[in-house]
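FYI, in UniProt numbering the residues of the sequence shown are 1 to 320.
Where a beta carbon is used, it is the ideal one built from N, C-alpha and C, also for glycine.
Input: a single structure, listed below in structure tokens.
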Amino acid sequence: MSPPRSDSELSKNAIEVRLHKVIESWGMSKFSSNIAYHWICRAVSNGKEDSEWTHVRKWILAQINGQQREHTSAWQFGCPEIIPLLRSTPLWKTSDFPWVAKLESSFAVIKKELIGLQAHQGFQPYRAPSSGIDCEVSDKLGVAAHDRGEWNVFYLFLHNMDFSANRSLCPQTVSIINSIEGQYDHAFFSALAPHTHVKKHNGPTNKKLRCHLPLVVPEHNCRLRVGDEMVTVEEGKCLVFDDSFEHEAWNDDSDHSRIVLIVDVWHPDLTPEERGFFKFVQKAELRACKKYFGTDSNNFYSIIQATKQSTGSIHEAIWN
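Here it is as structure tokens:
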């Protein structure tokens, strides 16, 4: 008979069981789960004095202990993932990000490449997987985020999906994006047709921020609300905001589209070590999701690939 275990041993075993359940909920492969487990053990065991892992440690321990996630603002309530202790404000000062000046100074170059896309295909409807409570669109390709008008996107970077053909049409824009410190591997041109309203919604996580560089803006007719702050969109002037806050957008113009370049960046409070961990988890989750590509029509990859083929009246909606 084995000797009785101490309370501390029982507690340690219970924590390990809970940790494995947390990792299992991410849908990773066994190989990726083992790597994540050892990575987390290293982060948690380093102790509170190790500031390199502060946010990951707090995030993991909250899940292990079944604690309700922290919300620094009621406007973030609809965001499915909140990393604790990150600074939380709807709109950020662009002066906090040195790369914004380069992005704004490259306005003419980027806009020229955008206008050159008129001769090519590549824009596709913006869609997302159905949550079961959203209204599906007529073509059954996921759900739309707008309740009137049309919203189309031209992906440049999207979590390791292959948009190399799109990037080849905008080489200078891609080079500029790649020079941005902390870019999140998510960037695209976003076109709102006349009379389009993007419904109020929250982004998927607060571990990133979003930058808009407006390229084509009908004067006085385009707005963006983030939390309780309303912004008038101006050509060539970047906006940096936390899209984990509830937000919505309007193009109220009757004749012209609003087109912006959107670039996501890692939240500046995350350390390089934490970014590396979250990148690993994100890629492992997406690989698991990709396994169901083609078998589940509501799968993220299935929707993105299907909307690539959905041309319809996109060209007219964007370039009218």
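My understanding is that residue i touches residue j, with C-beta atoms under 8 Å, so please give their C-beta distance in whole angstroms.
i    : j    : result
K200 : H247 : 7 Å
H120 : D269 : The Cβ separation is near 39 Å, so there is no contact.
A145 : V198 : 6 Å
S257 : L192 : 6 Å
Identify whether residue i lies in helix, strand or coil by the three-state DSSP scheme.
i           : result
residue 329 : Outside the shown range of the chain, which is 1 to 320, sits residue 329, and nothing can be said about it.
N320        : coil
I22         : Note that residue 22 corresponds to Val in the displayed sequence, not to Ile. In the structure shown, V22 sits in a helix (DSSP, three-state: H, G or I).
F77         : coil
V17         : helix
A128        : strand
N206        : coil
P84         : coil
K200        : strand
A145        : coil
P214        : strand
E248        : strand
I40         : helix
R258        : strand
Grab me the residues of residue i's own chain with a C-beta within less than 6 Å of its C-beta, minus the 5 sequence neighbours each way, in chain order.
i    : result
A187 : L156, F157, I177 and V263
G122 : F154 and N166
R275 : W266
T173 : I110 and E113
G227 : W75, P90 and F245
H20  : none
A43  : W53, V56 and R57
Can you grab the Cα-Cα spacing for the pair residue i / residue j, in whole Å?
i    : j    : result
E181 : N221 : 32 Å
K93  : V240 : 7 Å
H38  : L209 : 28 Å
G149 : E16  : 50 Å
R225 : I115 : 27 Å
I259 : T205 : 24 Å
T72  : P84  : 9 Å
P4   : Y184 : Reliability of the predicted coordinates at P4 is poor, the pLDDT of 47 falling under 50, and the value obtained from them is presented with this limitation in mind. Taking the straight line joining both Cα atoms gives about 49 Å.
A306 : D96  : 38 Å
H159 : G203 : 15 Å
K58  : S11  : 19 Å
F273 : E219 : According to the sequence as given, residue 273 is Glu; it is not Phe. Computed Cα separation, rounded: 43 Å.
N34  : G66  : 21 Å
K308 : I314 : 11 Å
Which stretch, first to last residue, makes up the beta strand (DSSP E) that contains residue i?
i    : result
R225 : C222 to V226
F188 : Q183 to L192
L158 : W151 to L158
S300 : A quick correction: the sequence has Phe, not Ser, at residue 300. No beta strand (DSSP E) contains F300, which is instead part of the alpha helix (DSSP H) from F300 to K308.
F241 : L239 to F241
Determine the extent of the alpha helix (DSSP H) in which residue i is found, giving its start and end residues.
i    : result
E229 : Premise fails: E229 lies in the beta strand (DSSP E), E229 to T232, not in any alpha helix (DSSP H).
E273 : P272 to K290
Got a sec? Which residues, its chain only, sit under 8 Å from residue i by beta carbon, not counting five neighbours each side?
i   : result
V22 : I60, Q63 and I64
Report all residues from its chain with a CB closer than 7 Å to the CB of residue i; omit the five preceding and five following residues, and keep chain order.
i    : result
V281 : W26 and A36
H212 : C238, L239, V260 and I262
Taking 7 Å as the line, does the beta carbon of residue i fall inside it for any heavy atom of the ligand GDP?
i    : result
R148 : Absence of the ligand GDP is noted for the structure shown, with no ligands found whatsoever.
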